[in-house]
Amino acid sequence: MKLLYKYILLILCYIIVVMLLRFIGIDPVKLTHSALLSMTPLALAALGEVVNEKAGLVNIGLDGIMLMTAAIGVWGAEASGIGYIGLLVGLLVGGLIGLILGVMSTYGKAIQIIAGIGVNIFAYGFTPYFIMAMWKFPGIRIPPKEVLAKPRTIVLNGVYFDISEVTILTVLLALIFYYILHKTPLGLRIKACGEMPEAADVAGIGVFKIRIILSTLGSALAGLGGAFMSLTWFGGVVKEISAGRGFLALGCVVASGLEPLPALGFAFLFGFAEALAYSVAITPGVKEIVPYHFVYLLPYITVLVVVSLFMRGKRFPRALGLPYIKE
Amino acid sequence: MAILILKKTLSRVAETVFALLVGLILSAVIIVIHGYSVIDTYYWLFYGGFIYYNAILDALAFATPLMLTGTAFAVASLAGLFNIGVEGQTYVGAIGAIFAGALLVTKVSVLKPIALPLALLFSMLLGALWALGPAILKVYFGVHEVISTIMFNWMSFYISMYLVSTGPLVDPNRPEKSLTVVEEARFSVIYSILTTSIYLAVIIVSITYFLLWHTKLGFEIRTCGINPDAARYAGINVKKTMLLAFIISGALAGLAGGLIVTGRPPKWAIHGTLGDVVNIGFDGIGVALIGSNHPLAIIFSSILIGGLRNGSRLLEPYVKMSSELSRAIIGLIILVIALPELYRYISKHLRGRLT
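Sequence order for the protein chains is A and B. Numbering that gives the first Met the number 0 applies: residue 0 is where the first sequence begins, and numbers increase by one. Numbering that gives the first Met the number 0 applies: residue 0 is where the second sequence begins, and numbers increase by one.
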């Protein structure tokens, strides 16, 4: 009950904030719409990383995965002619990278943070290389409109509202993950792998199996988020499309203390900050006074403030980031 | 003792060479998938990077800032901190050098004779200051440095871009680039784009080596990195040591940015899109990891990466391929380095076969 009040309070706060923003000429419906668009990739990557870290692996390569799948997703959509196939290609490529990282971090006992840095740097090089190799044009690709997976428009009381199926899926996933982690034996097993892999192993839980599956799942969701960015949100890919979003997602993960529902909430907050920055930057009356460079700082500052406020007192799995060595 | 050290060094070198080879083989697979010729690609990459005299000098010029960003990452890394923020600290370092070397000395002309040291001092100061933010967040708020430094990177990207594209540091005659530093704030040119700044970089890296391995502070930094709890029991102030390591790291990264401005002809400035300083930090991370975080090894690995970056410029005209391939290769090499078991497994296997 107490939790419910908290959520109602949060929604009320949100409504007050967007109503106030009306005074500087920002349309609340449009703002919510772009906040949801901006939330989706963050939330997908964050949710995947939450379950991945629950089982004990850290993947800081999310940013790179999102960047690569943004480009490869566009290729998938163009090759098949269907935007949703592009999203699926993003999901699969992300999953493949997650599978490789998972095997490296379990059987290979890899140093996970360095592997993540490797994925990111590889992606910063591979993405421009891939765009050039595929479309013979440096740094940017705008696919034809028919192959995009644009959000659907819903009419509610005469108000037009755009929402993508992927966004709805993301919210459902947060609920499903919450249910699995806290209400099922599987959730208990996942948490055991992160807290004390030795004990989990003795209890007959396949630690490596669970870690590899969750690493695959986590990166697959980040991959879906990456393809969502290029195919549903921006309608094209540039070589720095991820703009550190993988790290914003990591911010959601640590601020939430590895809980799916708060992670979704923080993703919405960061997405809102981003959407707000984009709309403030082009608002007449503001853009003449404040250079857009400073408005764009908003999401990054939000993350720093939120993470430093909410990190306190959060507990993380004891075996997080450490390779489990079977005896 | 000497033989033991030599043996250890040799096995480290073998491990690195192995990572390089695997990285090159994996990227060959990617090149083939996209229908390019592997032989052509690697020919131009290495020809442009290492084969002829001028290419080597250019590679050294590219290696100069990488040496410093690599050492910057290594210092933090030895203290157990992943300073991904070397990237952003390089941007603000470049800004510091432009501010002092172009704006300040023209306003206060008394300072002109000391323009170069002043510019470098400012770049180090700003770099250190920019590293202080994530350091404080880490030490006092427990925010993981990987997240905070990336946020600081993007913040410094937008702020620096504002300063050099529309702000006070833009060149009024050529608005696509920043102000040019005065002649007193430039290193002398050795050949083409290579300047004497490389000597300074080597000296600074050697000093850092001395600091890390032959002073009390260096010992404390390395102890914190290996085991912070043991360091605490030994009476080391872990918080202070981490802060110091981060600040030193930031100052070195800032200096790298400063050297790009004061030591890179013919511009002696940076572009409004920050093209000259972007990715110097990330390449430096590769340099540090390939050099296994050892400053003296970093000098060599920076020349290797500098050569790759220099050689990759020939890929666009000759193979019609993006020069960014070299960065993808660096990423693959890092992935192999993150997996030391692979080398151990294969070398054990090979040894088993041979005996």
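From the three backbone atoms N, C-alpha and C, an ideal C-beta is built for every residue, glycine too. From a predicted model like this one, the values you see are computed outputs, not experimental measurements.
- With the criterion set as a beta carbon lying under 9 Å from some beta carbon of chain A, the region 53-65 of chain B has no members that meet it.
- Within chain B, the C-beta atoms nearer than 9 Å to that of A/K108 come from L338, P339 and E340, in chain order.
- Apart from the 5 residues on each side of it in sequence, B/V104 sits with its Cβ closer than 6 Å to the Cβ of L110, K111, A114 and V181 in its chain, given in chain order.
- The continuous alpha helix (DSSP H) containing A/V305 extends over residues L297 to F309.
- In the DSSP secondary-structure assignment, A/F160 is bridged to A/I153.
- Beta bridge pairing from DSSP links B/K176 with B/H270.
- Counted as a single uninterrupted DSSP element, the stretch harbouring A/Y323 is not any alpha helix (DSSP H), since DSSP gives it neither H nor E.
- B/I83 and B/L251 have their alpha carbons spaced roughly 13 Å apart.
- Burial state of B/G92 is buried, judged by a 10 Å Cβ sphere holding 16 or more other Cβ atoms.
- Closer than 9 Å at the C-beta level to chain B, one finds these residues of the region 276-292 of chain A: P290, Y291 and H292.
- Comparing alpha carbon positions, the residue from B/A255, B/I38, B/I189 and B/K215 closest to B/T240 is B/K215.
- Listed as beta-bridge partners of B/L193 by DSSP are B/Y190.
- What B/I94 touches in chain A, judged by beta-carbon distance under 9 Å, is nothing: the nearest beta carbon there is about 13 Å away.
- Within the region 95-152 of chain A, the complete alpha helix (DSSP H) segments of 4 residues or longer fall at 111-134, listed in chain order.
- Chain order gives the chain A residues near B/I284 as I116 and I120, where near means a beta carbon separation below 8 Å.
- For B/V109, the secondary structure class from DSSP, reduced to helix, strand or coil, is helix.
- Across the structure, B/L102 and B/S177 are spaced so that their CA atoms are roughly 11 Å apart.
- Under the three-state reduction of DSSP output, A/V170 falls in the helix class.
- If you draw a straight line from the Cα of B/N292 to the Cα of B/R343, it comes to about 20 Å.
- Listed by position along chain B, the residues whose Cβ is nearer than 7 Å to that of A/S307 are L136, F140 and V142.
- In the DSSP assignment, B/S321 falls outside any alpha helix (DSSP H), carrying neither H nor E.
- The beta carbon of B/Y41 does not come within 9 Å of any beta carbon belonging to chain A, so the residue lies off that interface.
- Within chain A, the residues whose beta carbon sits less than 8 Å from that of B/N278 are Y123, listed in sequence order.
- One finds L303 in chain A with Cβ atoms closer than 7 Å to the Cβ of B/S147, taken in chain order.
- Here DSSP, grouped into helix, strand and coil, assigns A/V50 to helix.
- Within the region 311-325 of chain B, the residues whose Cβ lies closer than 8 Å to any Cβ of chain A are, in chain order, K319, M320, S321, E323, L324 and S325.
- Taking every protein chain shown into account, the CB of B/R326 has 16 or more other CB atoms within 10 angstroms, so this residue is buried.
- Residue range Y52 to L77 is occupied by the alpha helix (DSSP H) that includes B/G69.
- When the Cα atoms are used, A/L86 and B/D57 turn out to be separated by approximately 43 Å.
- What A/F246 touches in chain B, judged by beta-carbon distance under 8 Å, is V145, I146, I149 and M150, going in chain order.
- Interface residue (Cβ-Cβ distance to chain B less than 9 Å): A/A242 is classified as such.
- Going by beta carbons, A/G222 and A/V92 fall inside the 9 Å limit.
- The shortest CA-to-CA distance from B/L168 to any of B/S322, B/A99, B/D39 and B/I135 is the one to B/A99.
- A distance of 9 Å or more separates the beta carbons of A/R244 and A/A54.
- In terms of Cα proximity to B/S311, the closest of A/P259, A/G124 and A/L172 is A/G124.
- Under the three-state reduction of DSSP, A/V237 is assigned to strand.
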